[in-house]
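Each remark here refers to the structure printed beneath this line.
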Amino acid sequence: MGISLAATAAYLLWRRTRPAPRTHPHPDSLIIQPASPLTVVRQPNGSLRVQWQTAAPPVRLFASPDPHMRDALQLVAEPVGVDEILLADLDPAVRYYFMAEMADGRRHITAERLLPLATALNLRDIGGYETADGRTTRWGQIYRSGDFATLADDDVRYLERLGLRLICDLRTTEEVEKSHGRLPTNPQLTYRHTPIYERQQGAAHWLMVLVSNRKALPQVWQNDIYIERFVERGAEAFGRILTSLADGRQRPALLHCTAGKDRTGIAIALLLALLGVPDETVVADYTLSNAAYEAIYRTVEKDAQRLAVFGLQTADLFTILTAQGHVMQKTLNYLRQTYGSVEEYLMQRAAVSPATIQQLREGLLE
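So the sequence shown is residues 8 to 373, counted in this note's numbering.
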């Protein structure tokens, strides 16, 4: 976010119309936890808490590094009369998936949604989401994150063990040149730069909005950025991304931008909606980025400090730095009101073929 000569006029305007300080809720309060019958959450001491909310309790719990739960199954618990267990003896360097055999004969597969990498920004797995027709998104197939500028060696090795075949980088060319990041060295990994947009000379407009009428920022963010810049002008890029994901030879795949929140958030929302995941779950997944608020703020801290000369504080950037559920819901509503459905938008504007849509559903649902 550059500060140009146009800032002078904005500053003078701000001096005359300076608004009172604004307060905002804590970012964590914006998180909506996706509904799930079985969850795995890492505790501060490194143990894993497995919880379930099912009519029939699990009778056996297995762990495996295989997301399909076909190989190297290890019986880790046989719960009796409890609704959660703690697992403290699993290797923290391995990503484990868990299969619960329920008393009624059903099976549920789950894993940690937020991957435990200390130096990765907002890295998550989109598996385990139920669709309206009773299917579930596959674990270990599609990941989402921010950039990899600060990855430590241990975290690079963890990513390598995920067996990624494709990394789609949604950032601008300018962002990529500033921060290449550290990528896994898997021989089968393909890096594909697919910018949703290229940076334009729009900093003065943003600055004028921030300084002269901060209350207008949410509307600008929703309409000018999410709908016009991302959904409309970025449609073909989103189409290329989803077409890549449909090819099973390119999975597991990871999508990322700078914060893993907006461009990545829309790409994942389009995918989940196309797969039949209900809006409330799509929106909930989007809001999980608020858990990374502090790290996201650090990615824009220098620009935020430059704006301090105009009396702008972090609170004034709250709309930009958070993932508020209503923003994604309004975006989904716009797609349906304008195109009839997310599927029609992807076919009409993003050039996604019916065959590609079928491949996505067959490959990413179980």
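Think of the CB as a built atom: it goes at the ideal place given N, C-alpha and C, for glycine as much as any other residue. All values derive from a computational prediction rather than experimental measurement.
Host alpha helix (DSSP H) of residue i (start-end)
| i | result |
| --- | --- |
| M335 | 332 to 346 |
| L367 | 361 to 371 |
| E7 | Absent from the structure is residue 7, since the part of the chain shown begins at 8 and ends at 373. |
| R305 | 300 to 306 |
Residues sharing a beta bridge with residue i, DSSP
| i | result |
| --- | --- |
| F69 | L82, M106 |
| D132 | Y150 |
| A260 | I149, L173 |
| Y198 | I174 |
| V48 | R56 |
| L121 | R131 |
| R114 | E108 |
| I92 | V57 |
| E137 | T143 |
Rounded straight-line distance, which links the Cα of residue j to that of residue i
| i | j | result |
| --- | --- | --- |
| H333 | I39 | 11 angstroms |
| L371 | R145 | 5 angstroms |
| T250 | I92 | 40 angstroms |
| R178 | C264 | 5 angstroms |
| L257 | R151 | First, the amino acid is wrong: residue 257 is Gln here, not Leu. Using only the alpha carbons, I get a separation of about 15 angstroms. |
| E235 | S348 | 17 angstroms |
| V89 | R67 | 12 angstroms |
| I364 | A253 | 8 angstroms |
| S360 | M354 | 6 angstroms |
| A260 | A42 | 24 angstroms |
| G153 | L190 | 12 angstroms |
| Q208 | T271 | Summary for Q208: the model assigns pLDDT 45, below 50, so the residue's position carries little reliability; its value from the coordinates is reported in the next sentence. Straight-line Cα distance between these residues: approximately 22 angstroms. |
| D111 | L124 | 36 angstroms |
| D323 | L80 | 50 angstroms |
| R221 | Q366 | 44 angstroms |
| R368 | S36 | 33 angstroms |
| I327 | K268 | 10 angstroms |
| I174 | L196 | 7 angstroms |
| R131 | D176 | 15 angstroms |
Any chain C beta carbon closer than 8 angstroms to residue i
| i | result |
| --- | --- |
| R172 | In the structure shown, chain C does not exist; there is a single protein chain. |
Problem - Touching by the beta-carbon criterion (3+ pairs, under 8 angstroms), the segment 280 to 297 and the segment 132 to 139 - result: A contact exists between the segment 280 to 297 and the segment 132 to 139.
Problem - Cβ pair count under 8 angstroms reaching 3, the segment 98 to 110 against the segment 71 to 78 - result: The answer is yes - the segment 71 to 78 touches the segment 98 to 110, with three or more Cβ pairs under 8 angstroms.
Exercise for the section: Would you be able to state if there are at least three C-beta pairs under 8 angstroms between the segment 341 to 360 and the segment 292 to 303? Expected result: The segment 292 to 303, when compared against the segment 341 to 360, does not touch it at the 8 angstroms Cβ threshold.
Problem - At least 3 beta-carbon pairs within less than 8 angstroms: the segment 223 to 235 vs the segment 110 to 123 - result: By the criterion of at least three beta-carbon pairs nearer than 8 angstroms, the segment 223 to 235 is not in contact with the segment 110 to 123.
Exercise for the section: Could you tell me whether the segment 57 to 65 touches the segment 41 to 48, where touching means 3 or more Cβ pairs closer than 8 angstroms? Expected result: In this structure the segment 57 to 65 touches the segment 41 to 48; the number of beta carbon pairs closer than 8 angstroms is three or more.
Problem - Length at least 3, wholly inside the segment 223 to 270: the beta strand (DSSP E) runs in chain order - result: Along the segment 223 to 270, the beta strand (DSSP E) occurs as fully enclosed runs of 3 or more residues at 260 to 263, listed in sequence order.
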